[in-house]
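Its first residue numbered 560, the sequence shown is counted upward by one per residue in the working numbering. A virtual CB, placed ideally from N, CA and C, is assigned to each residue, including glycine. These figures come from a predicted structure and were not determined experimentally. Single-structure report; data block below.
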Amino acid sequence: MAVSLDLPADAALAERHEKAPAVGERLPVHSAVCFGCADIPHGLRLASWVADDEAGAAVVTSRMELRPDQQGAPGLLHGGLLTSAFDEVLGSVVALVTRPCVTARLETDFRRPMPIGRTLWLRGRVDGRRGRKLYVSGTAHLDDEHGPVVGTAKALFLKVEMEHFLKNSRPEDLEALGVSPEQIRAARS
Ligand SMILES: CCCCCCCC/C=C\CCCCCCCC(=O)SCCNC(=O)CCNC(=O)[C@H](O)C(C)(C)COP(=O)(O)OP(=O)(O)OC[C@H]1O[C@@H](n2cnc3c(N)ncnc32)[C@H](O)[C@@H]1OP(=O)(O)O
């Protein structure tokens with residue numbers, strides 16, 4: 560049975576961590592090979608900035624240029640890539656609050672077609688937190704930050720321990736980040 564993504568009544572405000580980048584700062588890439596944010600030919604190449612929020616919640620704004628190699632229907636963005644873009648934006652905004660976190664559930668509503676050659680502006684907000692659970696929502700706008708809404712998303716992210724990656728990631732990718740083979744073996748024993 561699908562679990563609700565609605566914010567529980569007793570969820571707490573999720574503010575940025577004190578060491579997180581400030582409003583206006585551009586976010587660094589998560590990794591040089593990240594499909595969502597790295598500057599790689601086949602990636603989404605999202606550029607993201609910390610944005611302001613009246614209530615003080617963590618918010619990120621991201622820009623994505625829609626390329627010909629991202630089509631689904633002729634001349635229109637493939638729908639799965641909007642969901643991928645939301646995963647990146649929402650994953651980036653929860654990382655301002657606490658990390659590491661992973662996507663547990665992500666729902667996308669496709670409201671309007673997204674023509675190739677145009678620009679998407681996405682906004683992600685952490686609406687609240689309850690224990691390990693972070694409730695987030697996003698909107699995607701065409702051409703500018705206040706342009707027509709072409710998609711919306713809601714998601715639940717869960718805080719995990721580093722063990723999650725030590726146990727599950729490909730060893731050579733962990734080693735490339737400086738993790739020793741002994742640490743990987745210990746986590747998996
Ligand atoms: C040393 C190495 C360093 C590496 C460091 C890297 C840092 C990177 C930093 C920043 C990167 C940002 C990049 C953003 C990119 C986008 C994000 C992604 O693409 S993430 C990939 C896609 N997601 C997955 O692969 C998750 C796969 N799923 C799992 O691993 C597990 O299912 C997990 C962790 C999500 C939950 O497993 P459980 O065992 O920890 O937790 P349980 O006990 O099952 O659930 C806890 C609570 O959550 C609810 N829950 C769990 N799954 C749910 C779901 N799917 N929907 C709704 N509720 C769910 C449960 O009902 C339970 O709730 P009740 O406490 O009983 O109230």
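Just the Cα atoms here: how many angstroms apart are residue 725 and residue 748? 11 Å
For residue 570, does the three-state DSSP call read helix, strand or coil? coil
Less than 8 Å separating the beta-carbons of residue 617 and residue 655? yes
Who does residue 667 pair with in a DSSP beta bridge? 712
In three-state DSSP terms, what is residue 642? helix
Can you give the Cα-Cα distance for residue 648 and residue 745, rounded to whole angstroms? 33 Å
First and last residue of the uninterrupted beta strand (DSSP E) at residue 753: Because residue 753 is not part of the residues shown, which for the chain are 560 to 748, the question remains open.
With a threshold of 7 Å on Cβ separation, who are the neighbours of residue 667 within its own chain once the five nearest residues in sequence on each side are excluded? 641, 642, 645, 710, 712
Under 8 Å between the Cβ atoms of residue 683 and residue 619? yes
Extent of the continuous beta strand (DSSP E) run through residue 692: 692-701
Do you know whose CA, among 565, 630, 723, 621, lies nearest residue 700's CA? 621
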